[in-house]
Structure formats: structure tokens, C-alpha cells
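Per my numbering, residue 282 is the first one in the sequence shown, and the count goes up by one each step. Notes follow once the structure below has been shown.
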Amino acid sequence: MVWMVLQPLLQSLVVALVLSHVLASKLPGVDGPYAYALYLLCGTLIWTLFQELINRCLTMFIDYGNLIKKVSFPRVCLPMIIVGASLVHHGLLFAATCLIFAFFGHWPAASWLYLIVLLPLTLLVAMGPGLVMGTLNVFIRDIAQATPIVMQFLFWMSPIIWTPQSLPDSFRAVLSLNPLFPLLLAYQDVLLHRRAPDWVSLLPTLGFALALMALAWFLYRRARSELPDVL
């Protein structure tokens, strides 16, 4: 668990040291020499949870193939196990992030209570595509090879390292189609700027998450009878 917390924190530290002098002056509303490091931690916090859920869902049926073959095993427990384990790791990372924020003089505020709403939305956004790819990965194993490439592309298309203000307006409009875009901005509003998120901008993200959850349920219902044989 310690290594799971240290890995994203050290990665954020390296990137912050390299890019802080480049982007620190482009963070409106945030003052101080550590503004970019705090901005980077906000994005890393949600991205780490999203990435872990995707990776766990991707191999969920394969990893627990022996249990799936047992008739008496309730398969609905598998997503619950994945969410529970990921939330434990996320809680540890969040606690470490809070300590770093406090060390840099950015203390928790009442706006952080909005995370109670943003966290379930993050789970939905990750579990929808994760369960879709996890079901398809049983039958098309190339999906597991392509997913890291897609995740790397999605990482650089999200406002984690760069800031929306540093992009041209036309390019920013294209990147805003990314479902993670408004969610990351919401986390940054709550944690960094200490204000309420833009709830209206999160409605398309919620619709995207619910649509993929419905698709995941449909694919699972169609494939559940064949899963034990293929595994």
C-alpha cells in the first residue's frame, strides 16, 4: 500500500520539478511557488483512481476465472471487490495529498465536502468503460494490449499536466469533449480554488457514465453464459 501511494506522488514530484517554472505563472487564482505542484496533485488524485479501476476491470473476469466457473459464486461481487480495493488505495493517496496540501499552506476548506458527490461520479465514469472492456477482453484479448495506449493518449488529452488556459481556444474546445475534462476541472475547483464545481458541465459526463454502465450490463447479460467456457 505504501508503494501504491508513493508511486503517483513521486511521479507528480518529478513532473512538478520539471514544469513548475513553465506553467506556474499560468495558474489564475492560485498564488505561491508551489501552485503548479498542487494543481498537478489534484489531477493525479483522480487519474490514479480512474486508471486503477480501468486496469482492474480490464482483467476482472480473467483474474477471477476460477471463481466464475463455480456455479454458486455471485459474480456481482467482482465489481464490488474492485471498487472496494480501489477506494482503500484512493483513501491512502487522498490522506497523503491532504498532508502535502497542508505542508504547502493550502488547508482543507468547506468546499472539499463536494467530493462526496464527485467521488461516486468518478466511480461511474471509470466502471462503465472498464466493465465494457473487461467483458470484451475475455473474447478479444488484444483489448488488453490496446488499452495502455488509449490510456496514455487520454492522459495527455486531460487537464492534468497542462492547464486549459495555456491552450488555444479552438484546441480547448476539442479537448473539452473528453468526459474526464469537466470532472478534472471540478476536482481542481473544489480542492485548489475552494469553490463549488460547475454542476451543469458535469451533466454530459454523467450521461456518458450512465450510458456506458447500461452498455456494460447489456454486454454482460449477453456474454455471461459463455464466460465460463471461454475462460
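Just so it is clear, CB atoms sit at the ideal spot from N, CA and C, and this is done for glycine as well. The structure presented is a predicted model; accordingly, all values stated were derived computationally and were not measured.
*asked:* Would you call the segment 340 to 360 in contact with the segment 429 to 447, where contact means no fewer than 3 C-beta pairs closer than 8 Å?
replied: Segments in contact, no.
*For tyrosine 468 versus leucine 405, is the C-beta spacing smaller than 8 Å?*
Taking the first residue of the sequence shown as 1, we reach residue 468 at position 187. Taking the first residue of the sequence shown as 1, we reach residue 405 at position 124. No, the Cβ-Cβ distance between tyrosine 468 and leucine 405 is not below 8 Å.
*Tell me which same chain residues have a C-beta within less than 6 Å of the C-beta of glycine 411, skipping the five on either side of it?*
Here residue 411 is taken as the residue at index 130 of the sequence shown, counted from 1. So the list reads Leu334, Ile335 and Cys338, once near-sequence residues are dropped.
*Contact belief for glutamate 385 with leucine 319 at Cβ below 8 Å, rounded distance in angstroms*: On the sequence shown, residue 385 is found 104 positions in, with the first residue counted as 1. On the sequence shown, residue 319 is found 38 positions in, with the first residue counted as 1. Residue identity differs from the one stated: residue 385 is phenylalanine in this sequence, not glutamate. Contact between phenylalanine 385 and leucine 319 holds, since their C-beta atoms are separated by about 6 Å, short of 8 Å.
*Pairing CB atoms from the segment 474 to 481 with CB atoms from the segment 387 to 402, are three or more of them under 8 Å?*
The segment 474 to 481 vs the segment 387 to 402: in contact.
_Extent of the continuous alpha helix (DSSP H) to which asparagine 347 belongs_ = As a position in the sequence shown, residue 347 is number 66, starting the count at 1. 346 to 349 is the extent of the alpha helix (DSSP H) around asparagine 347.
*When DSSP labels each residue in this structure, what does tryptophan 498 get in the three-state scheme?*
Position 217 of the sequence shown, counting from 1, holds the residue named residue 498. It is helical.
*CB-CB under 7 Å to arginine 476, same chain, minus the five flanking residues each way: which ones, in chain order?*
As a first step, residue 476 must be located in the sequence shown, where it is residue number 195. So the qualifying residues of the chain are Ser392 and Asp470.
_Here's the rule I'm using: 16 or more other beta-carbon atoms within 10 Å means buried, otherwise exposed. How should alanine 461 be labelled?_
The residue given as residue 461 occupies position 180 in the sequence shown. Correcting the residue identity first, residue 461 is leucine in this sequence and not alanine. Under this definition leucine 461 is a buried residue.
*If leucine 464 and threonine 403 are in contact, beta carbons under 8 Å, what's the gap, nearest whole angstrom?*
Stepping through the sequence shown from its first residue, residue 464 is reached at position 183. Stepping through the sequence shown from its first residue, residue 403 is reached at position 122. Confirmed, about 6 Å.
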